[in-house]
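Reading the sequence shown from the start, the letters are residues 0 to 200 in numbering that gives the first Met the number 0.
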Amino acid sequence: MTAREYIEAIAEELGRVRGRGLLLSPADAQLALGWHAAQVPLAAVLAEVRKTARLRTRSSVRGAVETALSLQVIAPALQRISARRRPPAPPTEGLSSQLRAAAQAPGLAARAAWHSLAERAEHLLAQEGGDGYWTAAVAALKAALRELPRAAALQAGSALRSRIAPRPPAMTRRRYQRSLQLMLLSASSERLGVPPRAFLL
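(1) Between which two residues does the alpha helix (DSSP H) containing glycine 129 stretch?
(2) Could you tell me which of Ala152, Val137, Ala26, Ala111 sits nearest to alanine 74, measuring between CA atoms?
(3) How about alanine 52 and arginine 17: do their beta carbons lie closer than 9 angstroms?
(4) Give me the residue from Ala43, Leu68, Ala46 with the minimum Cα distance to threonine 56.
(5) Using only CA atoms, which one of Glu12, Tyr175, Ala102 lies nearest to glutamate 118?
(6) Enumerate in chain order the residues of its own chain whose CB-to-CB distance from glutamine 180 is below 6 angstroms, with the five nearest sequence positions on each side excluded.
(7) Glutamate 65 to arginine 149, Cα distance in whole Å?
(8) How long is the line joining the alpha carbons of arginine 15 and alanine 8, rounded to whole angstroms?
(9) Got a sec? Which residues, its chain only, sit under 6 angstroms from alanine 112 by beta carbon, not counting five neighbours each side?
(10) Thinking just about the alpha-carbon of each residue, which of Gln154, Gly192, Leu77, Ala2 is nearest to the one in proline 105?
(11) Using three-state DSSP, classify threonine 51 as helix, strand or coil.
(12) How many Å lie between arginine 174 and glutamate 12 at the Cα?
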């Protein structure tokens with residue numbers, strides 16, 4: 000399951016229990032990405048969302064003050080699950096081959112940048128929680144957008160603006176910026192096919 004599919008499944012469940020929208024805040028999106036990277040089972044996340052929603056419903060019946068349900072509320076429980084799991088296995092040797100194949104997509108802008116990322120992907124993902132991979136992916140996307148017509152960049156920007164939410168006070172500017180970059184990669188892949196979906200892992 001890709002990071003995008005993982006996050007969308009969580010957003011759908013969270014929206015269902017809250018009764019509104021499928022849009023995750025940047026803080027929630029960052030948490031979901033972290034759980035995906037730590038290989039926390041999707042079923043465990045969805046079960047915790049449902050469990051917390053049921054408990055909050057009972058509390059509201061008893062007159063307790065209710066705050067908005069978000070992934071930050073269930074984060075402590077998911078952190079315990081993540082801590083009990085073994086560290087993620089190193090990326091398989093087939094990852095670079097998979098990404099090199101994806102970089103062969105017809106008409107792909109900045110093909111050389113995506114090939115370079117494919118060659119370094121396993122190394123980057125093994126370091127510092129994979130942050131270097133996403134930094135390189137954003138750089139490759141910027142190179143691609145410079146090659147594409149201006150209208151394409153505007154489409155990607157429009158798709159990103161439809162997904163963003165204000166930065167939560169407790170979220171650092173660096174984490175907020177990273178969440179926006181990941182949203183831009185996802186939105187651009189969806190609208191323009193750049194990067195190819197395989198690069199979203």
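Every residue gets a Cβ at the ideal spot worked out from N, C-alpha and C, and that includes glycine. It should be emphasised that the depicted structure is a prediction, and the values quoted were computed from it without experimental measurement.
If we stick to the structure as given:
(1) Secondary structure note for glycine 129: it is in no alpha helix (DSSP H), with a DSSP letter that is neither H nor E.
(2) Ala26
(3) yes
(4) Leu68
(5) Ala102
(6) Around glutamine 180: Val137.
(7) Reliability of the predicted coordinates at glutamate 65 is poor, the pLDDT of 46 falling under 50, and the value obtained from them is presented with this limitation in mind. Each residue's alpha carbon lies about 46 angstroms from the other.
(8) 11 angstroms
(9) Ala139, Ala142
(10) Gly192
(11) helix
(12) Roughly 24 angstroms separates the two Cα atoms.
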